[in-house]
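Positions 95 to 284 (this note's numbering) are the ones given, in order, by the sequence shown.
Heads up, the beta-carbon is just placed ideally off N, CA and C, and yes, glycines get one too.
Shown next, in structure tokens, is the structure this report addresses.
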Amino acid sequence: MFKIAQSDIQQEIKDTKFLAVISDDTTDVSNHLQNVGILRYLVSGQVVERFWSFCSMKQGDAVSIANVIDACLSRVLPNAEDKSKLIAQFYDGASVMSGLEYGVQSIVKQSYPHAHYVNCYAHQLNLVLQQAVSQVFQIRLFFANLSGFSVFFTRSPKRVAFLDKSVGRRLPRSVKTRWNFQSRLVLTVY
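What follows is the structure in structure tokens.
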């Protein structure tokens, strides 16, 4: 089914003049690094965003991430003349992504010269919310304790076994800038 959806996306992209790629890294429940690829383009005059892929990655350096993005793009833009369709690349503001000389955006731009880097402001909103709630002592204390649960239970096989027996699942590691991990941690503890 996924291959059929990707085939439909490839056909839509053949018929569009412009394309943007949105990419972010995340860790799955087993703490493996993954790259998420989303494609943004026009279909019948309407902007659409289509999920394209999750790709497992061994490293999170700029070259590795750019290679994953290029592999994704080469499937939807297989011909040299198609490369001019990619006009934008959206990533978070991390230096590994946004670096002017050695960042992902500069590496991608070498192959796709019209692909201008745009900072994805959803990440900034996440950081603003984090900063705002960290000003409330009770919330800061709550999340500090919550992070402590994760550290406590992942550092000992006996504690992991106890957690598996009593809750039936593992605690995700807490990541400061990723609210989805905090919410999964809350749901596991609650």
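- Task: Indicate whether the contact test is met: 3 or more Cβ pairs, each with one atom in the stretch 184-201 and one in the stretch 230-244, closer than 8 Å.
- Result: no
- Which first and last residues belong to the alpha helix (DSSP H) in which E106 is found? F96 to K108
- Residues in its own chain within less than 8 Å of G193 by CB, not counting five upstream and five downstream? A156, Q199 and S200
- Message: I need the straight-line Cα distance from I98 to W146, nearest angstrom please.
- Response: 12 Å
- R144 beta carbon less than 7 Å from that of I181: no
- Item | Continuous beta strand (DSSP E) stretch holding L171: start and end | Segment: none, L171 is in no beta strand (DSSP E) and carries neither H nor E.
- Is V157 helix, strand or coil by DSSP? helix
- Buried or exposed: where does A114 fall if 16 or more other Cβ atoms within 10 Å of its Cβ makes it buried? buried
- Query: What residue from S205, G242, R253 and V254 has the CA that sits closest to N161's CA?
  - Reply: S205
- How many Å lie between F275 and D119 at the Cα? Reliability of the predicted coordinates at F275 is poor, the pLDDT of 49 falling under 50, and no value is obtained from them.
- Item | Length of the line joining the Cα atoms of N129 and F184 | 13 Å
- Message: Is the separation between the beta-carbon of M151 and that of L167 shorter than 7 Å?
- Response: no
- Is it buried or exposed for L235, if we count other Cβ within 10 angstroms and need 16 for buried? exposed
- According to DSSP, is V115 helix, strand or coil? strand
- Query: Which same chain residues, not among the five before or five after V136, have their C-beta less than 6 Å away from its C-beta?
  - Reply: The amino acid at residue 136 is misidentified as Val; the sequence shows Leu. So the list reads T110, once near-sequence residues are dropped.
- Query: In chain order, what residues of the same chain have a beta carbon less than 7 Å from the beta carbon of C214, not counting five sequence neighbours either side?
  - Reply: I116, F184, Y185 and D186
- Range covered by the beta strand (DSSP E) that runs through L136: L127 to V137
- Item | Range covered by the beta strand (DSSP E) that runs through L240 | That residue, L240, is in no beta strand (DSSP E); its alpha helix (DSSP H) goes F231 to T248.
- Please classify S189: does DSSP put it in a helix, a strand, or coil? helix
- So, is K259 buried or exposed, given that buried needs 16 or more other C-beta atoms within 10 angstroms? exposed
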